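Structure, as structure tokens:
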Amino acid sequence: MTDVRAHIRQGVHGALHVRAWPHPAPRYLALLVHGYGEHAGRYDEVAGVLTGHGAAVYAPDHLGHGRSAGERAVIGDFEDVVTDLHTAADLARAEHTGLPLVMVGHSMGGLIAARYAQRYGSELSALVLSGPVVGTWALPGRLLALDEIPDVPISPAALSRDPAVGAAYAADPLVWHGPMKRPTLLAFERGLAAVAAGGDLGDLPLLWLHGEDDRLVPVEGSRTGVERLGAGRATERVFPGARHEVFNETDRAKVFAELTGFLDSVLG
Numbered sequence: 001m002t003d004v005r006a007h008i009r010q011g012v013h014g015a016l017h018v019r020a021w022p023h024p025a026p027r028y029l030a031l032l033v034h035g036y037g038e039h040a041g042r043y044d045e046v047a048g049v050l051t052g053h054g055a056a057v058y059a060p061d062h063l064g065h066g067r068s069a070g071e072r073a074v075i076g077d078f079e080d081v082v083t084d085l086h087t088a089a090d091l092a093r094a095e096h097t098g099l100p101l102v103m104v105g106h107s108m109g110g111l112i113a114a115r116y117a118q119r120y121g122s123e124l125s126a127l128v129l130s131g132p133v134v135g136t137w138a139l140p141g142r143l144l145a146l147d148e149i150p151d152v153p154i155s156p157a158a159l160s161r162d163p164a165v166g167a168a169y170a171a172d173p174l175v176w177h178g179p180m181k182r183p184t185l186l187a188f189e190r191g192l193a194a195v196a197a198g199g200d201l202g203d204l205p206l207l208w209l210h211g212e213d214d215r216l217v218p219v220e221g222s223r224t225g226v227e228r229l230g231a232g233r234a235t236e237r238v239f240p241g242a243r244h245e246v247f248n249e250t251d252r253a254k255v256f257a258e259l260t261g262f263l264d265s266v267l268g
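Residues 1 to 268, numbered by full-length UniProt numbering, are exactly what the sequence shown covers, in order.
Below, the structure is given as structure tokens:
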């Protein structure tokens, strides 16, 4: 997509870069919440689907990610990232007053979006979680138990069965290709605990999308968190054979159809 705008706002810890995909006459707002080590620019195709569906789309680069401030891939407290996300939502609402707001969070962004919904759920009309880090996720504890965290980046092949996705990820200079850092792992543990203790989302419509072959955030670990958040009312779609990034998978047309169909059912 070529019609993309950049905004800079003051975040909790410095400059917050917010990407915006405009719509001339939107019927709703969509806020995209990216995952660990990546950035909002990787969501052009998702944004294109949503603008084609009638949304004005916004997505911040989180603290320590993309073009936003902070040490690369370091998040000390996810509550600060949720506050930054609220700043991005305020930007969207200021530019388009009175429209319903939906949130789409992927992976780490699912954790952030879930916590946002617990803190600001009355502002949302729907929540979509893709491969979300909620519920049980063993990786932080496993790495924190080591004296030294190994310098092993995320494998591009774990993202999608489409090799072009992995190649683009590996070549992207805004993606963090180094090891996970101890402060971020500790923040993950606290963030998971905060979401677990934060209660369910009441009547907020919730769609959960996940790849059956997701080895980065296994589906069964997320299920416990989604069931708690949705109090048994979440809409679940698990895609056979899909890996971690269902929006970048070989069958992503089906994923996008589930996304827009769900939003139609919520927004009318």
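In this text, a Cβ means the ideal position worked out from N, Cα and C, and glycines have one as well.
If you're wondering where the values come from, they're calculated on a predicted model, not measured in any experiment.
With a contact defined as Cβ atoms closer than 8 Å, residue 209 and residue 255 qualify at about 6 Å. Distance between residue 78 and residue 250, taken at the CA atoms: about 31 Å. Looking at the backbone, the Cα of residue 263 and that of residue 90 are separated by about 21 Å. By the Cβ rule, the region 19-36 counts as touching the region 56-63, because three or more pairs are nearer than 8 Å. Only residues of its own chain outside the window of five on either side were considered, and among them 118 have a CB closer than 6 Å to the CB of residue 198, listed in chain order. Considered as a whole, the region 4-44 harbours 5-11, 14-21 and 28-33 as its complete beta strand (DSSP E) runs of no fewer than 3 residues, in chain order. For residue 218, the secondary structure class from DSSP, reduced to helix, strand or coil, is coil. Per DSSP, the continuous alpha helix (DSSP H) segment holding residue 265 begins and ends at 252-267. Residue 221 places its beta carbon 7 Å or farther from that of residue 83.
Under the rule that a run must span 4 or more residues, the alpha helix (DSSP H) segments found entirely inside the region 123-150 read 139-144. In this structure residue 228 is not in contact with residue 203, their Cβ atoms being roughly 15 Å apart against a cut-off of 8 Å. Around residue 149, the same chain offers 143, 179, 180, 181, 182 and 185 as residues with beta carbons nearer than 8 Å, after the five sequence neighbours per side are excluded. The shortest CA-to-CA distance from residue 22 to any of 236, 65 and 93 is the one to 93. Counting of Cβ neighbours within 10 angstroms places residue 147 among the exposed residues, the total staying below 16. Within its own chain, the residues whose Cβ lies closer than 7 Å to the Cβ of residue 112, once the five positions on either side in sequence are excluded, are 33, 78, 81, 82, 85 and 105, listed in chain order. Within the same chain, and ignoring the five residues on either side of residue 128 in sequence, the residues whose Cβ sits closer than 6 Å to its Cβ are 104 and 207. The three-state secondary structure of residue 236, taken from DSSP, is strand.
Bridge pairing for residue 58: 20 and 31 [DSSP]. DSSP places residue 211 in the strand class (E or B) of the three-state scheme. Straight through space, the alpha carbons of residue 161 and residue 70 are spaced by roughly 32 Å. Here DSSP, grouped into helix, strand and coil, assigns residue 104 to strand. For residue 195, the CB contacts under 6 Å within the same chain, skipping 5 residues up- and downstream, are 114, 115 and 134 in chain order. Residue 151 sits exposed, since fewer than 16 C-beta atoms from the chains shown fall within 10 Å of its C-beta.
Residue pairing from DSSP places residue 206 in a beta bridge opposite 127.
With respect to residue 243, residue 159 sits close: the two C-beta atoms are nearer than 7 Å. Classified as buried, residue 107 has 16 or more neighbouring CB atoms from the shown chains inside 10 Å of its CB.
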